[in-house]
Amino acid sequence: MRALALFSGGLDSMIAMKLITNQGIHVKAININIGFGATKDMSEIFRQRAYAAGADFEVIDAREEYLQKILFSPKYGYGKRFNPCIDCHAFMMRKARELLKEKNADFIITGEVLGQRPMSQNSKALKNVLELSDDDGLILRPMSAKLLAPTKPEINGWVDREKLLDIEGRDRKRQIALAQEFGFKEYASPGGGCLLTDVYFSAKLRDFVKYQPLHVEDIALLKIGRHFRLKDGAKLILGRNETENNILQNLKNSVFSDMFLGDDLPAPYGKISKNATQEEKILAARGALFYTKIEKNKPHQVQIGDEVFEICALENGEVLKQYAIGV
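The letter at position 2 of the sequence shown is residue -18 when you use this note's numbering, and the numbering goes up by one with no holes.
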């Protein structure tokens, strides 16, 4: 027997996989990348966590399909932010079902816990997820299996139901105890991980799609920097530190121009909409200078795309900051 495990790096998923690998079943953990995970690449850390649970690991890139089919038209709507959790979970399960034959697997497991999340893991939501995912009885939730209807892996004897769990609710004492029992030395702390549930990221995302379509290449830009909407609609992103400056410099995006100081001075690297007006470019240049430690009201060169502006930093940055979307 072989199983595919939906794996976002959390402890519940690690325990779910361990419960199955302990029964002699080969498990491949698949992380379905929809684009809105951590700001840094976690694949190697996830690989180590999967290995600790006895599973192989693979990342599945589903960003484009997720944008096209789920993010902007979820059947069950959004949570408090821009998070279509029920539709998202069902999407991942459908992707896993599509992969069963390719990966030579027999069924799917998840780390979902009944009642742990109020929107996406209550009893009704779990049923809705199964319906949306076109489940045919092959999706097993080992953490709460004894509280749910038996699935094909249990009915057919592929998995011993008695060795599965009956965890319910948000308390994580049993998970922590099991982590110690299984010898997990490193695992994620409880909580979110999806940026779509973050208030600041959601604000930036809503602002972005108000002015232009969202493409896969745009997601990385939304994850970093200070974001501003200039008065005629142009978007400005400024790095907050050297790490973000380097990331912005290396990110290529067809609708943004690069912005940086011509002087060899510590300053934010930036991206600005290519369709920005001259007035907006001047405002953006002043904004970049505002976040430096250079002398105010002294001319400095700021390059935006192929243009170079000789411009002064302002003593007061309010002219830019009134357009702040979220820092």
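Think of the CB as a built atom: it goes at the ideal place given N, C-alpha and C, for glycine as much as any other residue.
About 5 Å separates the CB atoms of M239 and I252; that is less than 8 Å, so the two are in contact. Within the same chain, and ignoring the five residues on either side of A157 in sequence, no residue has its Cβ closer than 8 Å to its Cβ.
Annotation for I199: G15 place their beta carbon closer than 6 Å to its own, counting only its chain and skipping 5 residues before and after. Its chain contains L(-16), E38 and I40 as the residues whose beta carbon lies nearer than 6 Å to that of I10, once the 5 sequence neighbours on both sides are disregarded; these appear in chain order.
Two segments are said to touch when three or more pairs of C-beta atoms, one from each, lie closer than 8 Å; by this definition the segment 105 to 115 touches the segment 66 to 74. Here L51 carries a helix assignment [DSSP, helix/strand/coil].
Around the beta carbon of Q96, 16 or more other beta carbons lie within 10 angstroms, which makes this residue buried. Taking 4 residues as the shortest admissible run, the segment 218 to 300 contains the following complete alpha helix (DSSP H) segments, listed from N- to C-terminal end: 222 to 230 and 258 to 270.
DSSP places A105 inside the alpha helix (DSSP H), whose first and last residues are S103 to L112. Rounded to whole angstroms, F236 and H207 show a C-alpha spacing of 13 Å.
With 16 or more neighbouring CB atoms inside 10 Å of its own CB, N63 falls in the buried class.
The segment 245 to 262 and the segment 176 to 190 do not touch, with fewer than three beta-carbon pairs separated by less than 8 Å. Rounded to whole angstroms, the Cβ separation of A42 and K75 is 6 Å, and the two are in contact under 8 Å. A straight-line Cα-Cα distance of about 56 Å links A214 and Q3.
Within its own chain, no residue has a Cβ closer than 6 Å to the Cβ of E287 once the five positions on either side in sequence are excluded. Bounds of the beta strand (DSSP E) holding D36 are D36 to D41. L127 carries a helical assignment under DSSP once its states are collapsed to helix, strand and coil.
For L145, the secondary structure class from DSSP, reduced to helix, strand or coil, is coil. In the three-state reduction of the DSSP assignment, A9 falls in the strand class.
A30 is bridged by DSSP to nothing; it lacks a bridge partner.
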